[in-house]
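Asks:
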Amino acid sequence: MFSSRFKWDFEQNRLSTLLAEKRRGGAKILDLTESNPTRAGFDYPDREIIAALADSDILRYQPEARGSTFARQAVANYYHECGLRVSLDNVHLTASTSEAYGFLFKLLVDPGNEVLAPQPSYPLFEFLAALDGVELRPYRLAYTHPTGWRIDFASLEAALTERTRALIVVNPNNPTGSFVTPEDRARLMALCARHGTAVISDEVFADYGWGEATIATRSFVTQNETLTFVLSGLSKVVGLPHMKLGWIAVSGPESLVTAAQERLDLIADTYLSVGTPVQSGAPALLRLRSQMQDQIARRVSDNLAVLDSLATNSACRLLAGEAGWYAVIEIPRYFDEEEWVLKLLTEDDVLVHPGYFFNFEREAFLVLSLLTRGEVFQEACRRMIARFS
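1 is the number of the first residue of the sequence shown in this note's numbering; add one for each residue after it.
Here it is as structure tokens:
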């Protein structure tokens, strides 16, 4: 009766089952998986957010396929303030980055075609691709300590076939925190141009660089060698995942951009999913981003310093990263990742992500959210590191 797109087992895994049991028993869980900034104790400018949405224009419905002009101009202004030139005419609004992927899969991929995605990376791609009938193939990110993560071009070129229609880069990657280097970006763009492959660059964490790498130096938004789509949105840029506003910025050879935008217009006009209130409030909401980004950046920096200090001279290794809200640690292989994660939750009340959630090619790794409140993060990491010692 149901579509073959649903390829997943709907039974709870061992970790989810144990977590539910612990919570029913009243355990105080130290959560190192928190990814929702609205639950992480940040000081949101409530009045300004409410005022941004309190406009009489929200009472009138004036649908536009690409989104309202003033909201798209606000996105273009955001890039301009980051040192990047983007025309509002090249911006398409969506309800989320996830929806943006859905639009692009519909635009680019026929049944039987493939999209390449980095490994390790965010597990959502598997679901997004399957729900649009897209074949997803991985290419490898290689890690060298202490320089960090780079694209493995041998793996990438081996994955490219005549059926490859698009290549996803997550820039910076989630959870590895690695930007695509300028050298790798140039090589990747030349490779995709030769193969006639579109590039989808997911840059939702690009504002959260830890060092010199920034959105201005690492974004794909001004690339023109091949058809390129840059994705971002309010969820990370302003820490407002519930406002449901994302965008696609299109660049590339002019003829391809024009053809792509005509088709994106049709797709977007079919769904008309972006709400009027958030489009009306977009200019004011984007002006609030420094207030939120500063708080998040401080939390990330403080927690990263705590983790680095605790991991030093321990049996764990903190992997190098450049950006984002997550850290990756390599842990001893006395047990497999799942057993470690279950042991931490059972005996220490600490919840962490195992590396296999993000398709790390080997064990054993844990992924920790750096959004967690400082006092909780420090105590959870102390217990975790003690367990490995």
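A virtual CB, placed ideally from N, CA and C, is assigned to each residue, including glycine.
Roughly how many angstroms separate the alpha carbons of residue 192 and residue 20, rounded to a whole number?
Replies: 45 Å
Asks: Around the C-beta of residue 384, are 16 or more other C-beta atoms found within 10 angstroms, so that it is buried, or is it exposed?
Replies: Counting the other CB atoms within 10 Å of its CB gives residue 384 a total of 16 or more, which places it among the buried residues.
Asks: Whole angstroms is fine: what's the gap from residue 275's alpha carbon to residue 95's?
Replies: Straight through space, the alpha carbons of residue 95 and residue 275 are spaced by roughly 8 Å.
Asks: Which ranges does the beta strand (DSSP E) cover as unbroken runs of at least 3 residues, wholly within the segment 36-123, from first to last along the chain?
Replies: List check, beta strand (DSSP E) in window: 91-94 and 114-119.
Asks: Report the rounded CA-to-CA distance for residue 142 versus residue 130, giving the unit in angstroms.
Replies: Their backbone Cα atoms lie some 26 Å apart in a straight line.
Asks: State the DSSP-derived secondary structure class of residue 31, mapped to helix, strand or coil.
Replies: strand
Asks: Could you tell me which residues DSSP puts in a beta bridge with residue 201?
Replies: 169 and 230
Asks: Contact between the segment 351-371 and the segment 326-339: three or more CB pairs below 8 Å?
Replies: Verdict: yes, contact present.
Asks: With distances taken between CB atoms, is the gap from residue 374 to residue 302 smaller than 8 Å?
Replies: yes
Asks: With DSSP as the reference, label residue 340 as helix, strand or coil.
Replies: In this structure, residue 340 counts as helix in the three-state DSSP scheme.
Asks: Reducing DSSP to helix, strand and coil, say where residue 354 ends up.
Replies: strand
Asks: What would DSSP say about residue 253, mapped onto helix, strand or coil?
Replies: coil
Asks: List the residues that DSSP assigns as beta-bridge partners of residue 328.
Replies: 367
Asks: Along the chain, where does the alpha helix (DSSP H) that runs through residue 240 open and close?
Replies: Note, residue 240: premise wrong, no alpha helix (DSSP H); not H, not E.
Asks: So is residue 8 buried or exposed if we call it buried at 16+ other beta carbons inside 10 Å?
Replies: exposed
Asks: Three or more beta-carbon pairs under 8 Å between the segment 121-130 and the segment 180-195, yes or no?
Replies: no
Asks: List the DSSP bridge partners of residue 17.
Replies: According to DSSP, residue 17 bridges with nothing at all.
Asks: With 16 as the cutoff for other CB atoms within 10 Å, does residue 27 come out buried or exposed?
Replies: By the 10 Å Cβ count, residue 27 comes out exposed.
Asks: Find the nearest neighbour of residue 194 within the set 217, 164, 216 and 170, judged by alpha-carbon distance.
Replies: Distance check between residue 194 and each of 217, 164, 216 and 170 places 164 closest, using alpha-carbon atoms only.
Asks: Alpha carbon to alpha carbon, how far is residue 306 from residue 381?
Replies: 8 Å
Asks: What would DSSP say about residue 323, mapped onto helix, strand or coil?
Replies: strand
Asks: Ignoring anything shorter than 4 residues or poking outside the segment 172-198, list the alpha helix (DSSP H) runs there in chain order.
Replies: 182-195
Asks: Within the 8 Å Cβ cut-off, does residue 362 reach chain C?
Replies: Here chain C cannot be found, since the structure has a single protein chain.
Asks: Whose C-alpha, out of 65, 22, 350 and 284, is nearest the C-alpha of residue 247?
Replies: Taking only the C-alpha atoms, the option nearest residue 247 is 65.
Asks: For residue 297, which option in 378, 223 and 205 has the closest C-alpha, if you only look at C-alpha atoms?
Replies: Selection 378, 223 and 205 evaluated against residue 297 yields 205 as nearest (Cα-Cα).
Asks: Among 1, 31 and 16, which has the Cα closest to the Cα of residue 348?
Replies: 31
Asks: Could you say if the segment 272-286 and the segment 44-62 meet the contact criterion of at least three C-beta pairs nearer than 8 Å?
Replies: yes
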